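Colleague: Numbering (this note's numbering), first residue to last: 855 to 916. Beta carbons: idealized from backbone N, C-alpha and C, even for Gly. Since the model is a prediction, treat every value here as computed from it, not as a measurement. One structure, as structure tokens, below. Some questions next.
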Amino acid sequence: MKTYETLHQQLENARQQLYDLHNQYGIEHTSVLEQSMLLDELINQYNRIFQSSLCKTNPPNE
Numbered sequence: 855m856k857t858y859e860t861l862h863q864q865l866e867n868a869r870q871q872l873y874d875l876h877n878q879y880g881i882e883h884t885s886v887l888e889q890s891m892l893l894d895e896l897i898n899q900y901n902r903i904f905q906s907s908l909c910k911t912n913p914p915n916e
């Protein structure tokens, strides 16, 4: 699994690339849509890591 720092850097890079592609091609270009999906997957990975760490530190009351 990716470390937080690595994933955070990948998120920032993917976000910047999406911004650049959008400015260059517009919102409906294939490159923009593909980069958006890549960024979505990185965000999902981040959320899974974040949720997992929350569950470990704050288990639900039983």
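Is the region 898–911 touching the region 866–879, taking contact as three or more C-beta pairs under 8 Å?
Modeller: Segments in contact, no.
Colleague: Have a look at residue 893 and residue 883 and give me their C-alpha separation to the nearest angstrom.
Modeller: Taking the sequence shown and counting its residues from 1, the one referred to as residue 893 is at position 39. Taking the sequence shown and counting its residues from 1, the one referred to as residue 883 is at position 29. Spanning the two alpha carbons is a distance of roughly 16 Å.
Colleague: Look at the alpha carbon of residue 860 and the alpha carbon of residue 868, and state the distance between them as a whole number of angstroms.
Modeller: For the purposes of this step, residue 860 is identified with residue 6 of the sequence shown, where counting begins at 1. For the purposes of this step, residue 868 is identified with residue 14 of the sequence shown, where counting begins at 1. Going from the Cα of residue 860 to the Cα of residue 868 covers about 12 Å.
Colleague: Going by beta carbon distance, what residues of the same chain come within less than 7 Å of residue 877, once the five residues before and after it are set aside?
Modeller: Numbered from 1 along the sequence shown, position 23 holds the residue referred to as residue 877. There are no such residues.
Colleague: Over the uninterrupted alpha helix (DSSP H) stretch that includes residue 911, give me the two end residues.
Modeller: If you number the sequence shown from 1, residue 911 lands on position 57. Note, residue 911: alpha helix (DSSP H), 884–911.
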